[in-house]
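**Student:**
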Ligand SMILES: Nc1ncnc2c1ncn2[C@@H]1O[C@H](COP(=O)(O)OP(=O)(O)O)[C@@H](O)[C@H]1O
Ligand SMILES: [Mg+2]
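Chains as they are written, first to last, in my numbering: chain A, 1 to 253; chain B, 1 to 248.
Below you can see the structure in the form of structure tokens.
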């Protein structure tokens with residue numbers, strides 16, 4: 001499979017402080033679903049910000065996934081909190097992501113309704129954010145990112161603040177959207193069950209300060225996955241021991 | 001009318017009756033405290049003489065001009081200082097020096113610079129509302145959620161100018177408008193103060209009346225100012241609620 005993004009030798013730190021991330025190298029295949037897990041504070045959100053171009057790394061590079069394209073963004077971020085603009089309607093919030101692309105007003109509107117359909121909230125286009133539930137707001141957060149047709153979709157613990165039932169529903173939704181849009185996904189989570197349920201590949205980060213990749217393994221389970229199966233439990237168990245090794249090493253929090 | 005309405009009406013009635021009683025019972029001469037019953041006649045004299053409309057229109061003119069200029073300048077400076085650290089540093093001592101000087105203290109300079117003129121009145125009103133708007137806007141624009149700024153950057157709205165209209169102004173609108181509303185009241189005080197020095201308007205007419213001991217006329221103009229302020233505030237609140245209709 002073709003590589004979409006090459007992340008090579010990233011070192012990240014703030015001001016003159018010690019490095020948050022010492023070394024991160026990974027190639028992401030087209031249409032792959034990669035999860036990143038690691039203890040809180042290890043630098044997962046910071047890594048996504050660097051990949052998205054919001055923060056410059058001290059060292060290393062992130063390759064551009066395609067030639068500059070006025071109608072797409074190479075990366076799009078889905079935040080942990082929905083971060084909807086309260087003074088804009090739902091439609092307005094999705095359009096916000098499209099406003100810096102070179103699209104006509106008609107094309108923007110078309111794209112916005114396309115993704116609103118995709119997340120099942122087209123009927124809510126003219127509502128205000130406060131009129132939506134937490135789960136619906138996360139769908140809009142996701143729709144706003146999908147609307148820019150990113151080569152790589154970056155998600156930062158997007159379901160962690162939701163109740164278990166809504167979280168499971170949205171995990172299923174995300175898999176459906178992943179297939180429907182053929183996008184490549186990098187998904188940060190601290191929920192091991194979630195990582196094994198969603199991802200083809202799980203990267204475990206550890207070591208503080210100066211985190212690096214501790215484990216990088218594939219999840220070859222067939223889809224749709226059954227949380228009750230032995231294979232599923234086995235993978236979650238493997239992940240848990242990798243993480244408890246980090247903790248036992250005194251490197252985690 | 002509900003209980004709240006009755007109580008408010010009863011309070012107002014008690015106030016007016018008490019006011020009427022004091023001069024009528026001879027506790028205080030009517031010249032020092034004109035009874036409310038004498039006011040309609042005084043009001044009518046002012047209207048038929050043409051003074052009331054003339055003074056009110058003049059004052060409204062000063063008020064509108066000064067308020068628009070002072071508010072515009074204060075909001076623009078406040079938001080700009082919040083967004084550009086260099087401007088903030090550049091202005092910090094200038095503002096520390098100028099801000100504590102009350103609007104009234106500028107009257108001598110206003111008159112020296114502009115003469116007894118509309119411009120002098122406008123200038124004093126501008127000073128009267130400038131700082132309130134500056135600080136309200138500065139605080140509101142500083143407090144804009146950094147997560148929303150990051151969101152804007154993530155979707156290509158990079159740089160202060162691209163974030164100003166879609167993020168900074170709406171996010172600070174509520175705080176800015178609170179400053180503007182305080183300014184609405186301050187501006188009326190400044191109008192009267194400026195006109196006491198002889199610039200035509202309500203304040204000048206009050207000064208003339210008081211030098212003739214026509215205290216009932218003074219009260220007529222006090223009430224005029226109160227009503228004008230009340231109306232501006234009602235219109236403003238109506239407008240603000242429309243602007244901020246996206247808030248819960
Ligand atoms: N803007 C910043 N300035 C300084 N340090 C920061 C900043 N943002 C994050 N950090 C530090 O970087 C580390 C990693 O943070 P983060 O990426 O949020 O971790 P995670 O998402 O894995 O929980 C933390 O120690 C945090 O304190
Ligand atoms: Mg995080």
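Virtual Cβ for every residue (Gly too), placed ideally from N, Cα, C. Because the structure is a prediction, the values reported are computed rather than measured.
For residue 70 of chain B, which option in B:180, B:210, B:240, B:216 has the closest C-alpha, if you only look at C-alpha atoms?
**Tutor:** Ranking the options by Cα distance to residue 70 of chain B, first place goes to B:180.
**Student:** Beta strand (DSSP E) containing residue 38 of chain B: first to last residue?
**Tutor:** Note, residue 38 of chain B: premise wrong, no beta strand (DSSP E); not H, not E.
**Student:** Nearest to residue 61 of chain A by CA position, among A:109, A:248, A:236, A:26, is which residue?
**Tutor:** The shortest Cα separation from residue 61 of chain A among A:109, A:248, A:236, A:26 belongs to A:26.
**Student:** Comparing alpha-carbon positions, which option in B:187, B:229, B:218 lies nearest residue 67 of chain B?
**Tutor:** The residue with the shortest Cα to Cα distance from residue 67 of chain B is B:187.
**Student:** Report yes or no: is there a C-beta of chain B within less than 8 Å of the C-beta of residue 97 of chain A?
**Tutor:** Judged by the 8 Å Cβ criterion, residue 97 of chain A is in contact with chain B.
**Student:** Three-state secondary structure (DSSP) at residue 29 of chain A?
**Tutor:** Residue 29 of chain A: strand per DSSP, three-state reduction.
**Student:** Within 7 Å: the Cβ of residue 146 of chain B and any heavy atom of ligand 1?
**Tutor:** False, no ligand heavy atom lies under 7 Å from that Cβ.
**Student:** Any heavy atom of ligand 1 closer than 7 Å to the beta-carbon of residue 43 of chain A?
**Tutor:** Yes, Cβ of residue 43 of chain A sits closer than 7 Å to a heavy atom of ligand 1.
**Student:** Using only CA atoms, which one of A:151, A:233, A:121 lies nearest to residue 254 of chain A?
**Tutor:** Limits of chain A in this structure are 1 at one end and 253 at the other, which puts residue 254 of chain A out of reach.
**Student:** Just to check my reading of the structure: residue 114 of chain B and residue 105 of chain B have Cβ atoms closer than 8 Å, yes? What is that Cβ distance to the nearest angstrom?
**Tutor:** About 16 Å separates the two Cβ atoms, so there is no contact after all.
**Student:** Please compile the residues from chain A whose C-beta is within a distance smaller than 9 Å of the C-beta of residue 156 of chain B.
**Tutor:** Ordered by position in chain A, the residues that pass the 9 Å Cβ test against residue 156 of chain B are 73, 97, 99, 100, 101, 148.
**Student:** Can a CB atom of chain B be found closer than 8 Å to the CB of residue 112 of chain A?
**Tutor:** No - not a single Cβ of chain B is within 8 Å of the one on residue 112 of chain A.
**Student:** Taking the alpha-carbon positions, what's the residue 98 of chain B to residue 92 of chain B distance?
**Tutor:** Looking at the two C-alpha atoms, the distance is approximately 10 Å.
**Student:** Flag residue 191 of chain A as yes when its Cβ comes closer than 7 Å to any non-hydrogen atom of ligand 2, and as no otherwise.
**Tutor:** Not under cutoff, so the answer is no.
**Student:** Between residue 124 of chain B and residue 55 of chain B, is the Cβ-Cβ spacing less than 8 Å?
**Tutor:** No, Cβ-Cβ distance for residue 124 of chain B and residue 55 of chain B is not below 8 Å.
**Student:** Go ahead and pull the three-state DSSP assignment for residue 214 of chain A.
**Tutor:** Residue 214 of chain A: strand per DSSP, three-state reduction.
**Student:** Determine contact between the segment 145-163 of chain B and the segment 24-37 of chain B, defined as no fewer than three beta-carbon pairs at a distance below 8 Å.
**Tutor:** The segment 145-163 of chain B vs the segment 24-37 of chain B: no contact.
**Student:** I need the DSSP call for residue 125 of chain B, collapsed to helix, strand or coil.
**Tutor:** Helix.
**Student:** Quick one: which residues of the segment 134-160 of chain B get their C-beta closer than 7 Å to a C-beta of chain A? List them in chain order.
**Tutor:** Under the 7 Å Cβ criterion, the segment 134-160 of chain B contributes 147, 148, 150, 151, 153, 154, 155, 156, 157.
**Student:** If I measure Cβ to Cβ from residue 15 of chain B and keep anything under 8 Å in the same chain, skipping five residues before and after, which residues do I get?
**Tutor:** So the list is empty, once near-sequence residues are dropped.
**Student:** Rounding to the nearest angstrom, what Cα-Cα distance links residue 216 of chain B and residue 107 of chain B in this structure?
**Tutor:** Distance between the alpha carbons of residue 216 of chain B and residue 107 of chain B is about 27 Å.
**Student:** By a C-beta neighbour count over all protein chains shown, 10 Å radius and 16 as the cutoff for buried, is residue 189 of chain A buried or exposed?
**Tutor:** Looking at its Cβ environment, which holds 16 or more other Cβ atoms inside 10 Å, residue 189 of chain A is buried.
**Student:** What does residue 86 of chain A reach in chain B if we use C-beta pairs closer than 8 Å?
**Tutor:** Result: 246, 247.
**Student:** Is residue 34 of chain B close to chain A, meaning its C-beta is less than 8 Å from at least one C-beta of that chain?
**Tutor:** For residue 34 of chain B, the answer is no, since every Cβ of chain A falls outside 8 Å of its Cβ.
**Student:** Who are the Cβ neighbours of residue 82 of chain A in its own chain at under 7 Å, not counting the five residues just before and after it?
**Tutor:** Excluding residues within five positions, the ones whose Cβ falls inside 7 Å are 137, 138, 140, 141.
**Student:** Using a Cβ-Cβ distance cut-off of 8 Å, determine whether residue 200 of chain B contacts chain A.
**Tutor:** It does not: the Cβ of residue 200 of chain B has no partner Cβ on chain A nearer than 8 Å.
**Student:** What does the Cβ neighbour count give for residue 85 of chain B, buried or exposed, with the cut at 16 atoms within 10 Å?
**Tutor:** Answer is exposed; the Cβ neighbour count stays below 16.
**Student:** Can you tell me whether residue 7 of chain A is helix, strand or coil according to DSSP?
**Tutor:** In this structure, residue 7 of chain A counts as strand in the three-state DSSP scheme.
**Student:** Tell me which residues share the same chain as residue 103 of chain B and place their Cβ nearer than 6 Å to its Cβ, disregarding the 5 neighbours each side in the sequence.
**Tutor:** Once the five neighbours on either side are set aside, the close Cβ partners of residue 103 of chain B are 124, 127, 128, 190.
**Student:** Does the Cβ-Cβ distance between residue 242 of chain A and residue 225 of chain A come in under 8 Å?
**Tutor:** Result no, Cβ atoms of residue 242 of chain A and residue 225 of chain A do not sit closer than 8 Å.
**Student:** What separation, rounded to the nearest whole angstrom, lies between the Cα atoms of residue 20 of chain B and residue 228 of chain B?
**Tutor:** Approximately 24 Å, taken between the alpha carbons.
**Student:** Between residue 170 of chain B and chain A, is there a C-beta pair that is closer than 8 Å?
**Tutor:** Chain A, which has a Cβ nearer than 8 Å to the Cβ of residue 170 of chain B, makes this yes.
**Student:** Output the distance between the C-alpha atoms of residue 192 of chain A and residue 236 of chain A, rounded to the nearest integer angstrom.
**Tutor:** Whole-angstrom Cα-Cα distance: 6 Å.
**Student:** Express the C-alpha separation of residue 247 of chain B and residue 241 of chain B in angstroms, rounding to a whole number.
**Tutor:** Each residue's Cα considered, the two are about 9 Å apart.
**Student:** Comparing the C-beta of residue 252 of chain A with each C-beta of chain B, is any distance below 8 Å?
**Tutor:** Caution is warranted here: a pLDDT of 42 is assigned to residue 252 of chain A, below 50, making its placement in the model unreliable, and the coordinate value is therefore given only provisionally. No, residue 252 of chain A does not count as interfacial toward chain B.
**Student:** Taking 6 Å as the limit between beta carbons, can you name the residues of its chain near residue 74 of chain B, skipping five residues before and five after?
**Tutor:** Once the five neighbours on either side are set aside, the close Cβ partners of residue 74 of chain B are 130, 133, 134.
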